[in-house]
Amino acid sequence: MMIDYAHARELMVEQQIRPWDVLDIRVLDVLARLPREAFVAESHKALAYADIELPLGFGQKMMKPVIEGRTLQALDLQPGDEVLEIGTGSGYLSACMGELAREVLSLEIEPDLAATARARLDAAGLGNNVRIETADALTWETERRFDAICITAAVETVPARFTQWLRPGGRLFVIRGHSPVMEAVLVKSDGSIDSLFETDIDYLRGAAPAPQFQL
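Following the working numbering, the numbering of the sequence shown begins with 397 at its first residue and continues without gaps.
1) If residue 550 sits next to residue 571, beta carbons under 8 Å apart, how far is it from one beta carbon to the other, in whole angstroms?
2) Do you know how far the Cα of residue 454 is from the Cα of residue 532?
3) Residue 465 lies in the alpha helix (DSSP H); which residues open and close that run?
4) Tell me whether the beta-carbon of residue 523 lies closer than 8 Å to the beta-carbon of residue 494.
5) Tell me which same chain residues have a C-beta within less than 6 Å of the C-beta of residue 404, skipping the five on either side of it?
6) What is the rounded straight-line gap between the Cα of residue 429 and the Cα of residue 467?
7) Hey, how far is the Cα of residue 479 from the Cα of residue 398?
8) Have a look at residue 578 and residue 592 and give me their C-alpha separation to the nearest angstrom.
9) With C-beta atoms as the reference, is residue 456 less than 8 Å away from residue 420?
10) Judging by CA-CA distance, which residue of 605, 432 and 434 is the nearest neighbour of residue 552?
11) Going by beta-carbon coordinates alone, are residue 488 and residue 432 separated by less than 8 Å?
12) Hey, would you say residue 477 sits closer than 8 Å to residue 580, going by beta carbons?
13) Just confirm the distance between the C-beta atoms of residue 485 and residue 600, as a whole number of angstroms; I'd bet it's less than 8 Å.
14) State the start and end residues of the unbroken alpha helix (DSSP H) segment that holds residue 554.
15) In chain order, what residues of the same chain have a beta carbon less than 8 Å from the beta carbon of residue 490, not counting five sequence neighbours either side?
So this is what it looks like as structure tokens:
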């Protein structure tokens with residue numbers, strides 16, 4: 397069965413993303429143009445525009461389209477922005493941010509996922525301004541500072557090292573707290589925090605709560 401992916405993208409935007417208060421025209425345009433199906437396994441292409449998480453391997457998942465839309469809108473990326481992404485995953489969100497910003501540096505802890513994401517970006521003719529590094533963000537060191545930071549997995553609490561990578565006026569998107577009710581927030585370089593919405597996603601490796609022993 398042939399799938400009309402262009403129509404599926406249109407339905408995703410109009411039936412999932414807009415109704416969840418994603419109204420930024422630039423964000424909607426990117427989501428309506430980029431081929432999400434190019435960033436998932438062949439066996440999952442038919443589900444590329446469904447309102448579900450998709451498995452990527454190595455215990456990782458691709459976020460729901462609505463979460464990706466809200467993430468992009470919250471970051472309010474501008475054409476001159478330099479962006480740090482923590483957790484490349486499929487590479488789809490990397491591609492979206494690359495369309496909205498000047499440059500994206502994406503860190504992925506799994507070498508195979510990093511390589512697959514790079515290959516998919518190249519095959520789709522996207523991400524010329526996206527650089528992927530294999531690294532653990534919890535131990536990675538850099539002197540660089542960024543206008544925006546996007547963390548694509550949850551943390552119990554936001555590591556201080558992440559906010560230290562923000563430039564003055566910068567902002568960081570992250571989902572924090574305890575499953576099953578987590579809070580998506582936008583952390584500003586001045587320390588202020590805007591609460592955005594509630595959701596539940598998997599933790600960043602090494603950033604989950606310590607197991608609780610019960611009697």
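The C-beta atom is built at its ideal place from N, Cα and C for all residues, glycine as well. Computed from a predicted model, the values in this text were never measured in an experiment.
This is what the structure gives:
1) 5 Å
2) 14 Å
3) 461-471
4) yes
5) 445
6) 17 Å
7) 36 Å
8) 11 Å
9) no
10) 605
11) yes
12) no
13) Residue 485 to residue 600, Cβ: 11 Å. No contact.
14) Secondary structure note for residue 554: it is in no alpha helix (DSSP H), with a DSSP letter that is neither H nor E.
15) 481, 484, 500, 502, 513, 517, 523, 526 and 528
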